[in-house]
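Put into structure tokens, the structure is as follows:
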């Protein structure tokens, strides 16, 4: 594949060589900006025993929740469980290893991995089980703790205690972009810019599904949120696929009582 043309004909071809036991960084937040098509292609592909690094693990029956529901994920590194009841059930019953990490720390661990930084110090988590250890990573079926987080190194910098956090590098990253050129330079829209860029950076092999694919040179340098050097494969979405925008929780405002309209 030319360095100036990383386009793959389909999501299925782009994830065909993802092996069982792989680690995956997955972009998005809840259902915002997640790589819907790549996740479903991986579901069809059949890889299992996956370690997933993502802000959360989708919801029941959608996003990463599809892989979780079929027992294809063995370990999750995330910042919270969210609205996913199956995620909570598997964790509490001892079927799933879960490494809960502060949200900003998780993003920085991925970004650092992509930047070649082995570890970094942060004040987040000092004085808690994040630094002191003991967070349940895996339970026994009887509810006792089978595996707990280890204590981490804490040092003082500029008069402030900070905890050492290791960076994250994954085998594969799956992300979604609003626009990508054929060389993999990406633009993300609104909330999709949260975890997609650091997830993309952390993958040794990064696959992007793009709502729009343009020619190299169509994006101005100041428009690019993620340089193509971090991307190996680009999957153009159909109009129907690009329009798919799931909503995790819909909240609406009721009608105003009569006589209160402005």
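Residue numbers (our numbering): 111 to 372.
Built from N, CA and C at the ideal position, the CB exists for glycine as well.
Subject >> Bridge-paired residues (DSSP) for residue 133 >> reply: When beta bridges are read from the DSSP output, residue 133 appears opposite 161.
Original post:
Since residue 279 and residue 312 are thought to touch, with beta carbons under 8 Å apart, how far apart are those beta carbons, to the nearest angstrom?
Top reply: About 6 Å; that satisfies the 8 Å criterion.
Subject >> Inter-residue spacing [alpha-carbon to alpha-carbon] between residue 357 and residue 193 >> reply: Those two C-alpha atoms are separated by around 12 Å.
Original post:
Taking contact to mean at least 3 C-beta pairs separated by less than 8 Å, is the stretch 178-193 in contact with the stretch 205-224?
Top reply: Here the stretch 178-193 lies against the stretch 205-224, with 3 or more beta-carbon pairs under 8 Å apart.
Original post:
With C-beta atoms as the reference, is residue 161 less than 8 Å away from residue 185?
Top reply: A Cβ-Cβ contact shorter than 8 Å links residue 161 with residue 185.
**OP:** Assess, as a yes-or-no matter, whether the stretch 302-321 is touched by the stretch 334-349 under the definition of 3 or more beta carbon pairs within less than 8 Å.
**Re:** In this structure the stretch 334-349 touches the stretch 302-321; the number of beta carbon pairs closer than 8 Å is three or more.
Subject >> Straight-line Cα distance separating residue 143 from residue 254 >> reply: Inter-residue distance for residue 254 and residue 143 is about 36 Å (C-alpha atoms, whole angstroms).
Original post:
Three or more beta-carbon pairs under 8 Å between the stretch 259-274 and the stretch 233-251, yes or no?
Top reply: Contact between the stretch 259-274 and the stretch 233-251 is present, because at least three Cβ pairs lie under 8 Å.
Subject >> Contact belief for residue 281 with residue 164 at Cβ below 8 Å, rounded distance in angstroms >> reply: Actually they are not in contact, since the Cβ atoms of residue 281 and residue 164 sit about 14 Å apart, beyond 8 Å.
Original post:
Near residue 293, which residues of its chain fall below 6 Å by C-beta distance, leaving aside the five closest residues on each side in sequence?
Top reply: Within the same chain, residue 293 has close Cβ partners 114, 326, 338.
Original post:
Taking Cβ positions, are residue 221 and residue 145 nearer each other than 8 Å?
Top reply: Between residue 221 and residue 145, the C-beta spacing is not below 8 Å.
Subject >> Element boundaries [beta strand (DSSP E), containing residue 280] >> reply: For residue 280, the enclosing beta strand (DSSP E) starts and ends at 280-291.
Subject >> Local conformation of residue 175 per DSSP, three classes >> reply: Three-state DSSP puts residue 175 in a helix.
Original post:
Excluding the five sequence neighbours on either side, which residues of its own chain have a C-beta within less than 7 Å of the C-beta of residue 333, listed in chain order?
Top reply: The answer, listed in chain order, is 297.
**OP:** Just grab the DSSP bridge partners of residue 275 for me.
**Re:** DSSP output for residue 275 lists 230 as bridge partner(s).
Original post:
From residue 200 to residue 120, what does the alpha carbon distance come to, in whole angstroms?
Top reply: Using only the alpha carbons, I get a separation of about 32 Å.
**OP:** Please classify residue 214: does DSSP put it in a helix, a strand, or coil?
**Re:** Reduced to three states, the DSSP call for residue 214 is helix.
Original post:
Considering residue 201, what are the terminal residues of the alpha helix (DSSP H) in which it resides?
Top reply: Segment 195-202, the alpha helix (DSSP H) holding residue 201.
**OP:** Please go through the same chain and pick out, in chain order, the residues whose beta-carbon is closer than 8 Å to the beta-carbon of residue 110, but skip the five residues on each side of it.
**Re:** The requested residue 110 does not occur in the structure, where the chain is confined to residues 111 to 372.
Original post:
Taking the DSSP output, what are the residues bridged to residue 296?
Top reply: 290, 336.
Subject >> Spatial neighbours of residue 117 in its chain, beta-carbon cut-off 6 Å, leaving aside the 5 residues before and after >> reply: Here the set comprises 292, 344.
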